[in-house]
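Trainee:
Number of protein chains: 2
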Amino acid sequence: MTSSRATLIQVAQRAGVSLASTSRALHGTGASPAMVERVRAAATELGYSPDAIGRSLRLKKTFQVAFAVADIGNPVYVEMMTAIHEVLAPHGYRVVVMTTGDTTTSTVELVRSLSSGFVDAMILSPLRTDDELVEEIRQAPVPVVVIGRTLADRGIDSVSTDSAGGIGEAVRHLLGLGRRRLVFLNGPLDTTPGEARQRGFDAATRADEFAGERADAVVAADFTVAAGLAATRALLAASDGGARPDAIVAANDLLAIGAIRAVRERGLSVPDDVAVTGMDDTEIGRVFQPSLTSVSLGSTERGRIAAELVVDLVDGDAQAGRHTAVGPRLVVRESTAAAVAAPEASGQHQASDAVGHGATAEAAGRGTR
Amino acid sequence: MTSSRATLIQVAQRAGVSLASTSRALHGTGASPAMVERVRAAATELGYSPDAIGRSLRLKKTFQVAFAVADIGNPVYVEMMTAIHEVLAPHGYRVVVMTTGDTTTSTVELVRSLSSGFVDAMILSPLRTDDELVEEIRQAPVPVVVIGRTLADRGIDSVSTDSAGGIGEAVRHLLGLGRRRLVFLNGPLDTTPGEARQRGFDAATRADEFAGERADAVVAADFTVAAGLAATRALLAASDGGARPDAIVAANDLLAIGAIRAVRERGLSVPDDVAVTGMDDTEIGRVFQPSLTSVSLGSTERGRIAAELVVDLVDGDAQAGRHTAVGPRLVVRESTAAAVAAPEASGQHQASDAVGHGATAEAAGRGTR
DNA sequence: TGGGAAGTTGGAAACGTTTCCAGACACGAC
DNA sequence: GTCGTGTCTGGAAACGTTTCCAACTTCCCA
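These protein sequences, in sequence, are chains G and R.
Oh and the first sequence: position 283 is 282 in my numbering, straight run, nothing missing.
Oh and the second sequence: position 363 is 362 in my numbering, straight run, nothing missing.
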């Protein structure tokens, strides 16, 4: 009913007391019970609610945290964002989503924009990192927590994972299953994940335990199903005469799904003829048939930890420069499971319990509306 | 290098001119070239960048828009958010993500919180709507655009779709393919989507063209793969002796995937024996094998339109109360496609071109990092 | 009864910005 | 030479809040 929003001054006038007392009364600090009573009455009467901007100006605090990534639609980032929001909201912080763009220069630009002071901190997960960006982060006027590379040595809070090691886990898993002719299906090498995962594969296949086995790598044009399909088709066509791979390690779940399609196209079975692993442990992989063995990089946990670091920095008295690593975790599902006698002639596997429980249950209610 | 952020006052002092002139010079309004030159120099020298809070206080404008939904991890909402961000960012607006909670009362609470003035507008997609919520939205101190129910008659901007009509499209598509024994696989009826879609199925199967055919409905516990699997298993077991359905209309993509699993479990083929349709046209459905015929409800477009409405309301001089409906759009894929001779004995379909192009291509680079 | 302490209150400043208003100045026209 | 017009500049107010500081009251104890 009140035409416009009521201000503290109006509440003070209505209560017939000073502005200072009004503020104190509403905060319950050093005000007599009578005063509190009186001011509260006036406040509710006018439907007063404090103005966030005025408050921020005075307190030099926005109660906002930015979350910046290259692509806010990427399921991995969505998981992070959800976790970040869950941690920050109870502490009274709002989450502002931002995009970094693809390049480090646009990311530098974004970090620089922090100087206008619209957030109290930023959680940043850059696609690529260079010295200029690191320097910009160091000089940022508010704390920046980086999800990605370890930057503790530069005095920057960071949360990292070990995707290279994760690829290693996938490789060892396949070796343990008796697979001997591995192919690594990677995405573009000039990306941070592509580079790291390649390094992981190279390291794992140079290890002693792998001595004497065959390991090849192919590079898909993109981290997509289509690219994985195309690259695997080419791979299988080329290796037709020679020794066909009996396992494919894909650099992410979408590539893995593309690979599975290509394998099946040739009348081969997954996992009997070719086992396939993915990475990121996305819902798509969990739901796919066969459900995907995948290396989880703990996106949710990384988001959660980054948010907790932010809270410590902003509310608490923590010093910047801490670092947490979230270990990769292999989740074994049908795409590498020991062969099971299929009920039908080919290809079809029993729907495993893996789907619809555990991880998938988190997604209850999703996908509609 | 500057210890703290420079303020406009400091720039003014440095330039040796008044505060007012400094502000004008930086905005290029009514200042002499010499003044502009002088102030610019001082500003860059000090690394000045305007304070967002001070600016907001004076201008009564936050350059922020809230996007509020029940579950920010839901792919449908993620699509909306991405579109909203894409529209708003070029206009200089930041996006703040918020959660409504499951109930209308918590949603009312959220809308009420707008009175602290931390955003210039809100885009709200509530799970449920009641009169109290509508009233609260009407009285909100900033424009609220609703994605969901049509509320133009209440003077509220809204963007809706027609999920009931979408179910109708799916039904007619299946009838056109010669399917005659349809089952509707719905989620909980006490949700807005569940209720609307049920209405759509009932209407479609009461239509003339459907006269004489069989139509049943089953309700899954949830809008999830697991619930769809369980419900369809029960359905198929019950109809074993009698006439088995030859088509399943699922209320969303996850239910549809569950249904496909259950159908295959019994050694039946999709789409040959049972055709299946989903709804929401999610990436999961596009990637699944068989790729899913699904009714798109245009999440991206609804988000885009809502954001454009916001821009008109906040930057322009638009009046509240407009309404846009985004029509449902059936996307036909393998799960209902005319049967194709499979290369192997059973079940396997050729990977169709549908995957990896068009819709999937949007997702380039996703799913990793 | 005087005085200090403790508790309450109001005035005023401050946060950083934009903009109204009035004054100063230059310039051209009469 | 004067006046009017137009351009530019600076002072000051305003946005809404919190908090420092001083002043006032009350109360208790010496």
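No residue lacks a Cβ here, since even glycine has one placed at the ideal position from N, Cα and C.
Predicted model, so just to flag it, every value in this text is computed and none were measured.
From what residue to what residue does the alpha helix (DSSP H) around G15 (chain R) run?
Mentor: As a position in the second sequence, residue 15 (chain R) is number 16, starting the count at 1. Unbroken run through G15 (chain R): none, as it is neither H nor E.
Trainee: Quick one: residues in its chain with C-beta nearer than 6 Å to the C-beta of A19 (chain G), no 5 flanking neighbours on either side, listed in chain order?
Mentor: If you number the first sequence from 1, residue 19 (chain G) lands on position 20. Around A19 (chain G): no qualifying Cβ.
Trainee: For the region 154-167 of chain R, list every residue whose C-beta sits within 7 Å of some C-beta in chain G, in sequence order.
Mentor: Residues passing the 7 Å Cβ filter: none.
Trainee: With the cut-off set at 7 Å, would you say D429 (chain G) and K60 (chain G) are in Cβ contact?
Mentor: This structure does not reach residue 429 (chain G), given that chain G is present from 0 up to 368, and the question cannot be answered.
Trainee: What's the call for I247 (chain G), buried or exposed, on a 16-neighbour Cβ count within 10 Å?
Mentor: Taking the first residue of the first sequence as position 1, residue 247 (chain G) is located at position 248. Buried: at least 16 other Cβ atoms inside 10 Å.
Trainee: Okay, do the region 62-78 of chain G and the region 40-48 of chain G touch, 3+ Cβ pairs below 8 Å being the bar?
Mentor: Result no; under three Cβ-Cβ pairs closer than 8 Å.
Trainee: So that I know if they touch, is there some Cβ in chain G lying closer than 7 Å to that of L56 (chain R)?
Mentor: Residue numbering aside, residue 56 (chain R) sits at position 57 when the second sequence is read from its first letter. So yes, L56 (chain R) belongs to the interface.
Trainee: Would the region 121-129 of chain R and the region 281-295 of chain R be scored as touching if the rule is three or more Cβ pairs under 8 Å?
Mentor: The region 121-129 of chain R vs the region 281-295 of chain R: no contact.
Trainee: With 16 as the cutoff for other CB atoms within 10 Å, does G116 (chain G) come out buried or exposed?
Mentor: Residue 116 (chain G) sits at position 117 when you count from the first residue of the first sequence. By the 10 Å Cβ count, G116 (chain G) comes out buried.
Trainee: Taking all protein chains shown into account, do 16 or more other C-beta atoms lie within 10 angstroms of the C-beta of D189 (chain R), making it buried, or fewer, making it exposed?
Mentor: Stepping through the second sequence from its first residue, residue 189 (chain R) is reached at position 190. Burial call: exposed.
Trainee: Who are the neighbours of G53 (chain R) on chain G, taking C-beta pairs under 7 Å?
Mentor: Looking up residue 53 (chain R) in the second sequence gives position 54. Under the 7 Å cutoff, chain G gives L56.
Trainee: Under 9 Å, CB to CB, which of the residues in the region 65-81 of chain G have a partner in chain R?
Mentor: Of all residues in the region 65-81 of chain G, A65, F66, V68, A69, D70, I71, G72, N73, P74, V75, Y76, V77, E78, M80, T81 have a Cβ within less than 9 Å of some Cβ in chain R.
Trainee: On the CB-based measure, 16 or more other CB atoms within 10 Å of its CB, does T28 (chain G) come out buried or exposed?
Mentor: Within the first sequence, numbered from 1, the residue matching residue 28 (chain G) stands at position 29. Exposed, because fewer than 16 other Cβ atoms sit within 10 Å of the Cβ of T28 (chain G).
Trainee: Identify every residue that forms a DSSP beta bridge with F66 (chain R).
Mentor: For this step, residue 66 (chain R) is matched to residue 67 along the second sequence. In DSSP, F66 (chain R) forms a bridge with R:V96, R:I122.
Trainee: May I ask you to list, following chain order, the residues of the region 84-95 of chain R that have a beta carbon less than 8 Å from some beta carbon of chain G?
Mentor: Residues passing the 8 Å Cβ filter: H84, A88, R93, V94, V95.
Trainee: Report yes or no: is there a C-beta of chain G within less than 7 Å of the C-beta of G116 (chain R)?
Mentor: Against the second sequence, residue 116 (chain R) aligns to sequence position 117. Judged by the 7 Å Cβ criterion, G116 (chain R) is in contact with chain G.
Trainee: Flag this pair as yes or no: are the beta carbons of A195 (chain G) and S159 (chain G) separated by less than 7 Å?
Mentor: Within the first sequence, the letter at position 196 stands for residue 195 (chain G). Within the first sequence, the letter at position 160 stands for residue 159 (chain G). Their beta carbons are not under 7 Å apart, which means A195 (chain G) does not touch S159 (chain G) by this criterion.
Trainee: In chain R, what lies closer than 7 Å to I256 (chain G) by C-beta?
Mentor: Indexing the first sequence from 1 puts residue 256 (chain G) at position 257. Chain R residues near I256 (chain G): V286.
Trainee: Identify each residue in the region 35-52 of chain G for which the Cβ-Cβ distance to at least one residue of chain R is less than 8 Å, and report them in chain order.
Mentor: So the close ones are G46, S48, P49, D50, A51, I52.
Trainee: What does R332 (chain G) reach in chain R if we use C-beta pairs closer than 7 Å?
Mentor: Taking the first residue of the first sequence as position 1, residue 332 (chain G) is located at position 333. Chain R residues near R332 (chain G): none, gap ~14 Å exceeds 7 Å.
Trainee: When the distance is taken between beta carbons, is L184 (chain G) closer than 7 Å to L254 (chain G)?
Mentor: Numbered from its first residue, the first sequence carries residue 254 (chain G) at position 255. Numbered from its first residue, the first sequence carries residue 184 (chain G) at position 185. Taking 7 Å as the Cβ cut-off, L254 (chain G) and L184 (chain G) qualify as a contacting pair.
Trainee: For G277 (chain G), which residues does DSSP report across the bridge?
Mentor: Position 278 of the first sequence, counted from the start, is the residue given in the question as residue 277 (chain G). According to DSSP, which records beta bridges pairwise, G277 (chain G) is partnered with G:S293.
Trainee: Taking the C-alpha atoms as reference points, what is the distance between V182 (chain G) and A220 (chain G)?
Mentor: By one-based count along the first sequence, residue 182 (chain G) stands at place 183. By one-based count along the first sequence, residue 220 (chain G) stands at place 221. Going from the Cα of V182 (chain G) to the Cα of A220 (chain G) covers about 16 Å.
Trainee: Ends of the beta strand (DSSP E) at I146 (chain R)?
Mentor: Here residue 146 (chain R) is taken as the residue at index 147 of the second sequence, counted from 1. From DSSP, the beta strand (DSSP E) with I146 (chain R) extends over 143-146.
Trainee: Tell me whether G241 (chain R) is buried or exposed, calling it buried when 16 or more other Cβ atoms sit within 10 Å of its Cβ.
Mentor: Numbered from 1 along the second sequence, position 242 holds the residue referred to as residue 241 (chain R). Under this definition G241 (chain R) is an exposed residue.
Trainee: Name, in chain order, the residues that DSSP records as bridge partners for T191 (chain G).
Mentor: Here residue 191 (chain G) refers to the residue found at position 192 of the first sequence. T191 (chain G) is not bridged to any residue.
Trainee: Using only alpha-carbon positions, find the residue among G:A305, G:D271, G:G302 that is nearest to P289 (chain G).
Mentor: By 1-based counting over the first sequence, the position of residue 289 (chain G) is 290. Of the listed residues, the one whose Cα sits closest to P289 (chain G) is G:D271.
Trainee: Taking the beta strand (DSSP E) that D272 (chain R) falls in, what are its first and last residues?
Mentor: The residue given as residue 272 (chain R) occupies position 273 in the second sequence. Per DSSP, D272 (chain R) belongs to no beta strand (DSSP E) and is neither H nor E.
Trainee: In chain R, what lies closer than 8 Å to I122 (chain G) by C-beta?
Mentor: By one-based count along the first sequence, residue 122 (chain G) stands at place 123. In chain order: nothing, as chain R lies at least about 13 Å away.
Trainee: Scan the region 232-253 of chain R for residues whose Cβ lies nearer than 8 Å to a Cβ of chain G and list them as they occur along the chain.
Mentor: Cβ contacts with chain G come from A250, N251, D252, L253.
Trainee: Which partner residues does A216 (chain R) have in the DSSP bridge list?
Mentor: The sequence position of residue 216 (chain R) within the second sequence is 217, counting from 1. In DSSP, A216 (chain R) forms a bridge with R:F183.
Trainee: In the DSSP assignment, the beta strand (DSSP E) including S298 (chain R) goes from what residue to what residue?
Mentor: Counting from 1 along the second sequence, the entry for residue 298 (chain R) is found at position 299. Segment 298-313 is the alpha helix (DSSP H) holding S298 (chain R); no beta strand (DSSP E) there.
Trainee: Might you give, ordered along the chain, the residues of its own chain that have their beta carbon closer than 6 Å to the beta carbon of G355 (chain G), omitting 5 neighbours on each side?
Mentor: As a working mapping, residue 355 (chain G) is identified with position 356 in the first sequence. The predicted position of G355 (chain G) is uncertain, since its pLDDT is 31 and thus under 50; no value can be drawn from it.
Trainee: Who are the near neighbours of A233 (chain G) in its chain, counting only those whose CB is closer than 8 Å to its CB and skipping five residues on each side?
Mentor: Position 234 of the first sequence, counted from the first residue, corresponds to residue 233 (chain G). Excluding residues within five positions, the ones whose Cβ falls inside 8 Å are V217.
Trainee: Name the residues in the region 267-301 of chain G whose C-beta lies less than 8 Å from a C-beta of chain R; which are they?
Mentor: If the cut-off is 8 Å between Cβ atoms, the region 267-301 of chain G has M278, D279, T281, E282, I283, V286, F287, Q288 near chain R.
Trainee: Just the C-alpha distance for D154 (chain R) and V96 (chain R), rounded to the nearest angstrom, thanks.
Mentor: Counted from its first residue, the second sequence places residue 154 (chain R) at position 155. Counted from its first residue, the second sequence places residue 96 (chain R) at position 97. The displayed chain sequence assigns Gly, not Asp, to residue 154 (chain R). One C-alpha to the other measures close to 24 Å.
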